[in-house]
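K.L.:
Per this note's numbering, the sequence shown runs over residues 1119 to 1396. Just so you know, even glycine gets a beta-carbon here, dropped at the ideal spot from N, CA and C.
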Amino acid sequence: MMQLNRFPKDLWVVLAAVLLTMVFVIVPPLNETFVRMVLGPIMVLFLPGYSLISALFPRKKDLDGIERIALSFGLSIAITPLLGLILNYTPFGIRQIPSLISISIFTIICTIMAYIRRSKVNEKERFVLSFTYKPTLPKKRVDKALTIILILSILASISALIYVIVTPKRGEKFTEFYILGPGGMADNYPKNLKIGENGTVIIGIVNHEYELINYTLQITLGDKLLKETTIKLNHNETFTENFTFSPKEKGRKKLKFLLYKGGSGEPYRLLHLWIDVK
């Protein structure tokens, strides 16, 4: 029987990888590091299949190292969607944390089963992870070529997945520009005022341009300039400000908010309110 201190090294690595992945996905600020991007694909595309292969084939003669690795990727690609399908019919749904926990539980259970099954196999026949390739039977050239092609295809798929994760596609470039009433809602605008009475609106700008932008904000009432200011915003940065004005003349006045981007001579965004001054 295999003793606890003889727990297979490859199974130790699997358990350690599962625990590390959970830590780097759940715990801030570790979940914002590049390590998460490395451990994530390994957790999804390799560990579930490897643990299941280890449980199904505890003897070294069952599969050689290359076959175990290739089948581990293939089974993982099949197992992960099945776990997602099961989650879809639960209250948890297909979300990051439930998906991580389900894959982790499956991998840990299979790893324990692999340990139990290997412990019942004679030590000479038991599979032991080796970093040197020693095929159990002579391979034909065609078999070797197919194995190499399979490994290269798997590596190419993993590389493509990592590239997509690390360099996500950019969405549409735009700027949010809005005005709200004093209560922070799109209502109760100061549309009816008396001469000298104060009116307040909330101005909001959100940069979704994927770069630092220098904005110029101009506010006019009728033909009079009330305010002009420059605002610098990084990508996904937000600017909000309470703007209070007081009309000096009676009549129907147009309160305009003009937003310029960079050094453009034409307004990039334009908003307005009609104010009845009595």
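Per DSSP, what are the beta-bridge partners of phenylalanine 1099 in this structure?
P.N.:
Here the chain covers residues 1119 to 1396 and nothing more, so residue 1099 does not appear.
K.L.:
Using the beta-carbon count (16 or more within 10 Å), is asparagine 1316 buried or exposed?
P.N.:
exposed
K.L.:
Looking at the secondary structure, which residues open and close the alpha helix (DSSP H) in which tyrosine 1233 lies?
P.N.:
From DSSP, the alpha helix (DSSP H) with tyrosine 1233 extends over 1214–1237.
K.L.:
Across the segment 1326–1339 and the segment 1302–1316, are there enough close Cβ pairs to call them in contact, namely three or more that are closer than 8 Å?
P.N.:
no
K.L.:
With a threshold of 16 other CB atoms inside 10 Å of the CB of serine 1382, please say whether the residue is buried or exposed.
P.N.:
exposed
K.L.:
Which residues in the same chain as arginine 1235 place their Cβ atom closer than 7 Å to its Cβ, once the five residues preceding and following it in sequence are excluded?
P.N.:
Ala1173, Pro1176
K.L.:
Can the beta-carbon of threonine 1293 be found less than 8 Å from the beta-carbon of isoleucine 1323?
P.N.:
yes
K.L.:
Glutamate 1367 to valine 1395, Cα distance in whole Å?
P.N.:
7 Å
K.L.:
Using DSSP's beta-bridge definition, name the partner residues of leucine 1343.
P.N.:
Thr1338
K.L.:
Under 8 Å between the Cβ atoms of valine 1143 and leucine 1218?
P.N.:
yes
K.L.:
If you draw a straight line from the C-alpha of isoleucine 1195 to the C-alpha of threonine 1358, how long is it?
P.N.:
46 Å
K.L.:
Give the DSSP-derived three-state secondary structure of glycine 1301 in the structure shown.
P.N.:
coil
K.L.:
Excluding sequence positions up to five away, which residues of its chain have a Cβ less than 8 Å from the Cβ of glycine 1211?
P.N.:
Leu1205
K.L.:
Comparing alpha-carbon positions, which option in Pro1126, Leu1165, Leu1273, Gly1380 lies nearest glutamate 1327?
P.N.:
Taking only the C-alpha atoms, the option nearest glutamate 1327 is Gly1380.
K.L.:
Going by beta-carbon coordinates alone, are valine 1132 and leucine 1165 separated by less than 8 Å?
P.N.:
yes
K.L.:
Cβ of glycine 1301 versus every heavy atom of the ligand GDP: is any distance shorter than 7 Å?
P.N.:
Looking at this structure, you won't find the ligand GDP or any other ligand, since it has none at all.
K.L.:
Please give me, in chain order, every unbroken run of the alpha helix (DSSP H) with length at least 4 that falls completely inside the segment 1123–1206.
P.N.:
1127–1144, 1152–1163, 1165–1174, 1183–1206
K.L.:
Hey, would you say arginine 1387 sits closer than 8 Å to leucine 1373, going by beta carbons?
P.N.:
no
K.L.:
Taking the straight line between their C-alpha atoms, what separation do you get for serine 1073 and glutamate 1243?
P.N.:
What the structure shows of the chain is the stretch from 1119 to 1396, and residue 1073 is not part of that stretch, so it cannot be assessed.
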